[in-house]
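Down below is the structure, laid out as structure tokens.
Numbering (full-length UniProt numbering), first residue to last: 1 to 155.
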């Protein structure tokens, strides 16, 4: 195997590994985005539930409510507020993981693009070498024909 073939083989292997790494990063990114959507949906559900429960409290207060029930409503609303705070923090953390996954995917894509660019350059250079070699062979053939014709021509 020639040096250029070995280099091409190594480049193909590196490109394949980079493609696999990019694909894995893409799968992780998709998983993180899905998790972000689920976390967002949970947060929205908590917001709706809190709004509904708050409305129930308002209705109960308009109709008259005993102090113990009022206390229970307030405590439950406080626990919902705490759950909302935790859900918002979880969403922020998940969004951070999505951003990191996106950056990892971008890095892997840049690496793959670099290998593809290098492979394209090597192919172009090989085509140029081949064209130069073919031109040299053609030039040599023409020169040898001309030399034969000149030597065969009587003076």
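By construction, the Cβ of each residue, glycine as well, lies at the ideal position given by its N, Cα and C atoms.
Cβ of residue 129 within 9 Å of any chain D Cβ: Included in the structure is just one protein chain, with no chain D present.
Three-state secondary structure (DSSP) of residue 153: Per DSSP, reduced to three states, the secondary structure at residue 153 is coil, with no helix or strand assignment.
Beta-carbon proximity of residue 8 to residue 122, cut-off 9 Å: Their beta carbons are under 9 Å apart, which means residue 8 touches residue 122 by this criterion.
Beta carbon of residue 28 nearer than 9 Å to that of residue 101: Yes, the Cβ-Cβ distance between residue 28 and residue 101 is below 9 Å.
Chain-order list of residues whose beta-carbon lies under 6 Å from that of residue 43 (same chain, five-residue window excluded): Sequence-distant partners of residue 43 (beyond 5 residues in either direction) whose C-beta falls short of 6 Å from its own C-beta, in its chain, are 87, 91.
Nearest to residue 38 (by Cα), restricted to the options 153, 99, 95, 133: Nearest option by C-alpha distance: 95.
Buried or exposed (CB count within 10 angstroms, at least 16 for buried), residue 112: Around the beta-carbon of residue 112, 16 or more other beta-carbon atoms lie within 10 Å, marking it buried.
Secondary structure, beta strand (DSSP E): runs of 3+ residues fully inside the stretch 19-75: Entirely contained in the stretch 19-75, not one beta strand (DSSP E) run reaches 3 residues.
Distance between residue 99 and residue 36 (C-alpha atoms, nearest Å): Roughly 11 Å between the two C-alpha positions.
Nearest-angstrom beta carbon gap, residue 97 and residue 32 [assumed within contact, 8 Å]: Cβ atoms of residue 32 and residue 97 come within 8 Å of each other, at about 5 Å.
Alpha-carbon to alpha-carbon, residue 82 and residue 69: Residue 69 and residue 82: Cα-Cα distance of roughly 20 Å.
Whole-number beta carbon distance between residue 15 and residue 116, since they are thought to touch under 8 Å: Residue 116 to residue 15, Cβ: 7 Å. Contact.
Own chain residues within Cβ distance below 6 Å of residue 152, not counting five before or after: Take residue 152, set aside five residues on each side of it, and no residue of its chain has a beta-carbon closer than 6 Å to its own.
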